[in-house]
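Presented below is the structure to which this report refers.
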Amino acid sequence: MNKILRYTIIAGIFLVPCIPLFVANGLYFPFISGKNFVFRIIVEIIFGAWIVLALTDKTYRPRKSFILWALGAFIVIIGLADIFGMNPFKSFWSNYERMEGLVGLVHLGLYTLVAGTVLTTTKLWSWFWNTTIGISVIMSFYGIGQLLGWFTINQGGVRLDARLGNATYLAVYVLFHIFITAYLMVSKNMFLGTPSNPRPRTAKYIIGIIIILIETIILYHTATRGAMLGLIGGVLLSAALIVIFGKAHPRIRKVSLGILIATLVVIGGFLGLKDSSFVRESPVLNRFATISLNDATTNSRFVLWNMAIEGFKERPILGWGQENFNYVFNKYYNPVLYNQEQWFDRTHNVIFDWLIAGGILGLVSYLSLYGTIIWSIWRTKDTFTIIEKSILTGMLGGYFIHNLFVFDNLTSYILFFTVAAYIYARTKPARTDTPQVEENRFALPVVIVAFLLILYVVNIKPIRAGTGLIQALTPQTNALTSQSAPYNGNVTQNLADFKRIIGYNTFGTTEAREQLFNMAQQAALSQTPVTGAPEMLQYAIEQGEAQLLATPFDARYYAIYGAFLSRIGQFDQSIETFHKAVELSPRKQSLLYELGAAYAAKNDYASATKYFKEAYDVYPSNEQALILYGASTIYEGK
36 MNKILRYTII AGIFLVPCIP LFVANGLYFP FISGKNFVFR IIVEIIFGAW
86 IVLALTDKTY RPRKSFILWA LGAFIVIIGL ADIFGMNPFK SFWSNYERME
136 GLVGLVHLGL YTLVAGTVLT TTKLWSWFWN TTIGISVIMS FYGIGQLLGW
186 FTINQGGVRL DARLGNATYL AVYVLFHIFI TAYLMVSKNM FLGTPSNPRP
236 RTAKYIIGII IILIETIILY HTATRGAMLG LIGGVLLSAA LIVIFGKAHP
286 RIRKVSLGIL IATLVVIGGF LGLKDSSFVR ESPVLNRFAT ISLNDATTNS
336 RFVLWNMAIE GFKERPILGW GQENFNYVFN KYYNPVLYNQ EQWFDRTHNV
386 IFDWLIAGGI LGLVSYLSLY GTIIWSIWRT KDTFTIIEKS ILTGMLGGYF
436 IHNLFVFDNL TSYILFFTVA AYIYARTKPA RTDTPQVEEN RFALPVVIVA
486 FLLILYVVNI KPIRAGTGLI QALTPQTNAL TSQSAPYNGN VTQNLADFKR
536 IIGYNTFGTT EAREQLFNMA QQAALSQTPV TGAPEMLQYA IEQGEAQLLA
586 TPFDARYYAI YGAFLSRIGQ FDQSIETFHK AVELSPRKQS LLYELGAAYA
636 AKNDYASATK YFKEAYDVYP SNEQALILYG ASTIYEGK
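What follows is the structure, encoded as structure tokens:
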């Protein structure tokens, strides 16, 4: 039995590197939700098997480790922050677009624990790292296919995104694998071989260099500035550490010094040519050339970070809980962002993200993960060579630099926590005593029952809701009324689908309600009669009120519901809803526009002018505010 459990766990762990290739086209946010559900199911299976294995064999129980203590403290602190945060439900479950929250964090923690306690030999880790490198090569060739026009770039434009659906996600993915490949190349018999099956060194280096070059090209064509800065910073850090501490490796030290100098020369040359036509005419190079403290993206980041500081001041100890930056964004909104995205849910900086999610305790516990991993790497004399230590440190440094400008996703989390598991396993050798097997008749049935329950609640229900939402948004093919009307002139089945989805009571309910508003509005305002439109409209209103009760302090949902009410002509209710939205986000001009427009629709131009003027006074540099204010005064007759 224990052998079966062990092989089940190992098989599950080796499936994890394949997850980035998976895209669930039948799910909402197919590039994100599908990967997360697969990861969660795998983790639940291997953790259940590990529980039974650890209960019956002490060999697989965790050893004392600063890494595991730091990981446990981080999860507990963030859990408390989520419980006492602004929206515990969202903090716990997240949403389809992010799929993080406490559920995601706990699964990552359990994955780290299981991988670190079961993959205890260099041979297993060699196989694992070579597996993930092989998958990254497949991912890179898919990116090359996009570059050559064989495959569609999913987010449009020229920035490669491969099977991840986002250029930033692909960039950090290959960033990790560039360093992982370099690490295995300098590790004894780990790259393309194991201690018992070595490969010729020359061939190993040639293949490794080719992989690194290919993945660097892919990273370049993602045009992700944070990842490129991370690569440069990580390479400089690794090279500098080898130059300083690598006296026992004179050849590699000379190579590192050359890399250090060459990198600095390339940076200097690029800065000297950044205003040339060659750079300006290249979409990719131009993105890198515009990195400055004055470009629009950087300025918007500074504004977001200032909002985050204000939010931290209000809740400094445990923060606002995960997935709750939107409350800070609404309350401390700066109208200078009027021409940017209207509803930010991330600060685009790992420091501020965790400062908001978990306060100072959450941030310190997160940084302690880096601290304990790096400390574990450098504290032992014989576990890693200086070269290995330097490359691993450079990888973590590059990842951290990247995260100063963007935010994490499942694939980067998996790689980071896998590194944590690897360092734990290497620095805490497996027990060498004889396995102590203890019979436990109740462990397996209890674990199976718990697994099935968790599988249903955590995965099956939201998967059904996600697939159901796609179905609910699909026009009926058997409609008997006009094909020119919205949704083929019949939304009765769509309405039934929405009711079923919302009835699941998952984190997909909120997204379903937003889509319900859109469909109900189109059906109600159709020039051609749509069967089921009145019933759908009434149900949408009921669900709008239910959403406001569920999230009474989120301006975004008041704005969405208020706009829906305005579109269907219920201006009094819309005005009431937008007043509440403005209370929650008083400096957001778009809310004042909607409020003024609702009054104008009732021919109450005096009130409309009042709120258009208020919007103008908030930030006069916004020309749209001036135009609306001026037009309203004309209608008012002033």
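The sequence shown begins at 36 in our numbering and counts up one residue at a time.
Each residue gets a CB set at the ideal place from its N, CA and C atoms; glycine is no exception.
Same chain only: Cβ atoms within 7 Å of residue i, ignoring 5 sequence neighbours per side
| i | result |
| --- | --- |
| N321 | V314 and R315 |
| F49 | F163 and T166 |
| N494 | F72, R75 and I76 |
| L145 | V78 and F82 |
Assigned secondary structure, residue i (DSSP; H/G/I helix, E/B strand, else coil)
| i | result |
| --- | --- |
| D388 | helix |
| T509 | coil |
| N525 | strand |
| T644 | helix |
| T407 | helix |
| M36 | coil |
| G361 | The amino acid at residue 361 is misidentified as Gly; the sequence shows Asn. Three-state DSSP puts N361 in a helix. |
| G425 | According to the sequence provided, residue 425 is Ser. The question's Gly does not apply to it. It is helical. |
| A635 | helix |
| N341 | helix |
| Y685 | Outside the shown range of the chain, which is 36 to 673, sits residue 685, and nothing can be said about it. |
| P621 | coil |
| W185 | coil |
| S656 | coil |
| L445 | helix |
| R198 | coil |
| H383 | coil |
| L62 | coil |
| P55 | helix |
| N374 | coil |
| F435 | helix |
| L227 | coil |
| R548 | helix |
| L515 | The pLDDT assigned to L515 is 46, lower than 50, so where the model puts this residue is not dependable; a value taken from the coordinates is nonetheless given after this. In this structure, L515 counts as coil in the three-state DSSP scheme. |
| G579 | helix |
| Y592 | helix |
| W355 | coil |
| V586 | Contrary to the premise, residue 586 reads as Thr rather than Val in this sequence. Three-state result, T586: coil. |
| V493 | helix |
| V484 | helix |
| G393 | helix |
| T420 | coil |
| Q573 | helix |
| V454 | helix |
| F477 | coil |
| F440 | coil |
Own chain residues within Cβ distance below 6 Å of residue i, not counting five before or after
| i | result |
| --- | --- |
| A514 | With a pLDDT of only 49 at A514, under 50, the local geometry of the prediction cannot be trusted, and the value read off the model is given with reservation. Once the five neighbours on either side are set aside, the close Cβ partners of A514 are N523, G524 and N525. |
| F552 | A575 and F599 |
| V385 | N438 |
| E345 | Y367 |
| Y95 | L88, A89 and T152 |
| P52 | T166, T167 and I170 |
| T259 | A202, T203 and A206 |
For residue i: DSSP bridge partner residues
| i | result |
| --- | --- |
| N369 | N369 is not bridged to any residue. |
| T566 | N525 |
Cutoff 8 Å; reference residue i; Cβ partners in own chain excluding five residues on either side
| i | result |
| --- | --- |
| H256 | G178, L182, V193, R194, L195 and V319 |
| L276 | I421, K424, S425, T428 and G429 |
| I86 | A478 and V482 |
| P351 | G394 and I395 |
| I287 | V221, I277, G281 and I422 |
| T446 | I54, P55, K70, L199, Y204, V207 and Y208 |
is_contact[residue i, chain B] using C-beta, thresh 8 Å
| i | result |
| --- | --- |
| L584 | Reference to chain B is not applicable here, since this structure consists of a single protein chain. |
Count the C-beta pairs between the stretch 172 to 182 and the stretch 192 to 202 that are closer than 8 Å, then say yes if the count reaches three, no if not. yes
Measuring CB atoms only, is the stretch 615 to 631 touching the stretch 590 to 603, in the sense that at least three cross pairs come out at less than 8 Å? Contact holds: three or more Cβ-Cβ distances are below 8 Å.
Alpha helix (DSSP H) segments (min. 4 residues) lying fully within the stretch 250 to 338: 260 to 280, 285 to 308, 312 to 315 and 318 to 324
Entirely within the stretch 72 to 160 and at least 4 residues each: give me those alpha helix (DSSP H) ranges in chain order. 101 to 118, 123 to 128 and 136 to 153
Between the stretch 379 to 395 and the stretch 441 to 457, do three or more beta carbon pairs fall short of 8 Å? yes
Pairing CB atoms from the stretch 236 to 249 with CB atoms from the stretch 199 to 218, are three or more of them under 8 Å? yes
Using 8 Å as the Cβ pair cut-off and three pairs as the minimum, do the stretch 351 to 365 and the stretch 56 to 72 touch? no
Give a yes or no on contact between the stretch 456 to 465 and the stretch 92 to 112, applying the rule of three or more CB pairs nearer than 8 Å. Yes, they touch.
Please confirm if the stretch 492 to 506 is in contact with the stretch 108 to 124, defined as three or more CB-CB distances below 8 Å between the two stretches. no
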